[in-house]
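Chains as they are written, first to last, in my numbering: chain A, 1 to 152; chain B, 153 to 304; chain C, 305 to 456; chain D, 457 to 608; chain E, 609 to 760; chain F, 761 to 912.
So the structure is just underneath, and the comments pick up after that.
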């Protein structure tokens, strides 16, 4: 571990890392993050006066779509045809824990896809609750797990 | 403050909030967030062996572009032709503070644009450093300030 | 009514219609369409074993996002910052009626935005039900209403 | 056939279907739809006073591009690098029959891509003729054929 | 004229130029460029064995769509809802002259939109002819004219 | 070489070339182009009063992102998950030479991706310097090299 950034070449210029020599493997990444809000806000999102889940469904779709277009968001990220993306929400006392799982059969991993899904799902919850809560925050976005195995 | 979500109608269905009755004003929002990494990682990003700023420039561009296409990321967000976006980085001991400012002359505010810029700039720093640091995190994404004044 | 296409100039070449001489008005368009499927399929979508509305919420979000990016779908369509979009579903015996309303304050109307919302919401319902029903169809996509009034 | 939606998991949440266990096959789908208009409108589109085909070429390009970006339109649809897309038009008395064929070598099929091509080609014809005909409709969008065979 | 780049602030960081203080004006820009190819290639494009204009129509649509999404292509470019875009082709002995005109009512000009339309129309001609001509080039992309006047 | 356009079928209609029968190979393309400006402008871009490379980094990112979304720019171009893209700049007396290299493991080549990267990097340099130089031009965009070899 030399402290050399992988996305910067030896002249210090930004680049996409070349993955052409890597073998296609089945890869999976899981990321999490936290949407932090007041208890009443979480109540409104999770089950308030509305059909259970409509607000969460919107955030889930936003997260899935962000994972699919991660290469358009993050400049040096590869375009990757994902096998699947899942986004799940867990109710906490003063927030919602978001977990996203992305999987693919490809030459490079999908941790950025999982992290993008978490981030954009959180931003979407923020957007839908900002009118009723002025102390929203997004915290603790990180990778939980990254695995690979032989492709089918 | 009734705890009713603005993006959900009285039948509980997701919707864009109608802004047609609001007057065009000059609006501005500032958001911040933190990219947390080991000191050596921050060193590599900030000034290591590379031309000062290439990695930061990539993250800055990613943040600016995310603000401009915020409506494509966040499902119920309005399409807004921004007057300007700025993304700045401040070096901390074990991280980088990201601050984004978005401004517009329109019928609705730009806090989601500023927050999206911060989030995507942070994800881009994550992407460029993930090969040299396995303990990266993104923390404390929130709105700092939101103002409006009469349009020119 | 001369039968001359508005999007083709006098040399027969495709063009965007110039709207620069038109005044900004508040405009609104309503469109409808029908997703046709077997009764069991509709049952599964509307309220089956799942939290009421998750499948509909996905289709609604897809329709709203299509309206917002209508200019990227339809080559000669203007880019329009919509004030609002709504997508609603009505259960029928053998299908779902989709109604979309788009509104804007601009120099040109939003009927294509409303029609795109209906079309893409219908395609999304098709995508989610195609594994359980082989006789799906989309029918009757048309404009119901188009109005304009002075801008605020 | 249990009536369980493939894009909703056992807790009723929207998801992308995981295709990682499926084998890459060569797949092809054909879809059709109808753009319905008055005879004079069809005349104007097909061969009127303009170079034959410019209006149809615009609709064809729109359909092809929609098939290529189908994953950005339909939330739970996979990103698929298509081998080919064709869009063809057949003149009818009071309309135009649109047929789209999409093909791919991948782990999942391309019926949504073919259907999206038909839908967006029809919307584009609608956009170009809406100034001369107030009774336009889009009808009968459905899948005609879906096949798969071993990949090269 | 100080030689200071407008898109770089006084600390040398990339930024979008703030246009919030500028008045909305009606603005127009015209750009040109040249697609250079062998005479037989130009013949094939312009009128060969094909319906006149289908290849040109594809390039025209590509140019128009690039102008509309110029802000997604050029990082520091503003998002601008164009009033109109036109792309025209003129046959030369060994090439095709491309001219694009973009117009808008906005706080900033549209020269990048006109230049993007020319560039992408030229790339599209390149794509369609590269199989029959190995000496293609794109030359002389530049702004011809830029005007502004009071808005309606 | 018959002068028949590959992207036009035998009825003269635009199409994507079907690549399903081609074998996946490792493919690489190199393209170049020239951004032409006054010496003072080049000085400002290359090393002026600003951190070395911020303006170039913005143009580099724009070029890389354009290569990744080439299929959305050029209508009949395939969607291709690139293995890598590099964009380099060489200072000339009155301009900057741009060279882009794209590589992939796929059924079709990546020359359009390399050419799109060069074109959009050049447009981005144009955008950032247009306020200080009224005689900018983009010249000599062409393919330098195209190779293929067996895939890993």
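Built from N, CA and C at the ideal position, the CB exists for glycine as well.
Everything numeric in this text was worked out from a predicted model, so none of it was measured.
Using a Cβ-Cβ cut-off of 8 Å, residue 713 of chain E counts as an interface residue toward chain C, since at least one Cβ of chain C sits closer than that to its own.
For residue 516 of chain D, the enclosing alpha helix (DSSP H) begins and ends at 510-524.
Residue pairing from DSSP places residue 84 of chain A in a beta bridge opposite A/103. The continuous alpha helix (DSSP H) containing residue 497 of chain D extends over residues 495-502. Taking each of B/232, B/236, B/245 in turn and checking the Cα distance to residue 373 of chain C, the smallest one comes out for B/232. The Cβ atoms of residue 530 of chain D and residue 489 of chain D lie no closer than 8 Å to each other. Collapsing the DSSP output to three states places residue 421 of chain C in a helix. Sorting F/842, F/776, F/882 by C-alpha distance to the C-alpha of residue 815 of chain F places F/882 at the top. Around the beta carbon of residue 394 of chain C, a 10 Å sphere encloses fewer than 16 other beta carbons of the protein chains shown; the residue is thus reported as exposed. Here residue 394 of chain C is bridged, per DSSP, to C/401.
In its chain, beyond the 5 residues on either side, 559, 560, 561 have a beta carbon closer than 7 Å to the beta carbon of residue 539 of chain D. The beta carbon of residue 236 of chain B does not come within 8 Å of any beta carbon belonging to chain F, so the residue lies off that interface.
Under DSSP, residue 486 of chain D forms a beta bridge with D/557, D/601. A straight line joining the alpha-carbon of residue 789 of chain F with that of residue 876 of chain F spans about 12 Å. Taking C-alpha positions only, residue 855 of chain F is separated from residue 665 of chain E by approximately 33 Å. For the C-beta of residue 665 of chain E, the chain C residues within less than 7 Å are, from N- to C-terminus, 318. Shown in chain order are the members of the stretch 222-252 of chain B whose Cβ falls below 9 Å from a Cβ of chain C: 223, 224, 227, 228, 229, 230, 231, 232, 233. Leaving aside the five residues that flank residue 615 of chain E on each side, the residues in its chain whose CB is nearer than 8 Å to its CB run, in chain order, 622, 623, 624, 625, 684. With a threshold of 8 Å between beta carbons, residue 424 of chain C makes no contact with chain A. In the three-state DSSP reduction, residue 911 of chain F falls in the coil class, being neither helix nor strand.
Of the other Cβ atoms in all chains shown, fewer than 16 fall within 10 Å of the Cβ of residue 909 of chain F; this residue is therefore exposed.
Counting only residues of its own chain and dropping the five nearest sequence neighbours on each side, residue 371 of chain C has a CB closer than 6 Å to the CB of 389, 406, 417, 420, 421. Ranked by how close their Cα comes to the Cα of residue 885 of chain F, the residues F/902, F/798, F/819, F/772 have F/819 in first place. For residue 131 of chain A, the closest of B/283, B/285, B/298 by C-alpha to C-alpha distance is B/298.
Taking C-beta atoms as the reference points, residue 38 of chain A and residue 135 of chain A count as a pair closer than 8 Å.
Taking the CA atoms as reference points, residue 669 of chain E sits about 11 Å from residue 376 of chain C. With contacts defined as CB atoms closer than 8 Å, residue 479 of chain D and residue 563 of chain D qualify as a contacting pair.
Excluding sequence positions up to five before and after residue 765 of chain F, its CB lies less than 7 Å from no other CB in the same chain. The beta carbons of residue 330 of chain C and residue 414 of chain C sit no closer together than 8 Å. C-alpha of residue 900 of chain F to C-alpha of residue 749 of chain E: approximately 9 Å in a straight line. Nearest in C-alpha terms to residue 87 of chain A, of all of A/78, A/64, A/40, is A/64. Between residue 129 of chain A and residue 19 of chain A, the C-beta gap is not smaller than 8 Å, which leaves the two residues out of contact. Beta-bridge analysis with DSSP links residue 177 of chain B to B/258, B/302.
Straight-line measurement puts the Cα of residue 295 of chain B at about 25 Å from the Cα of residue 161 of chain B.
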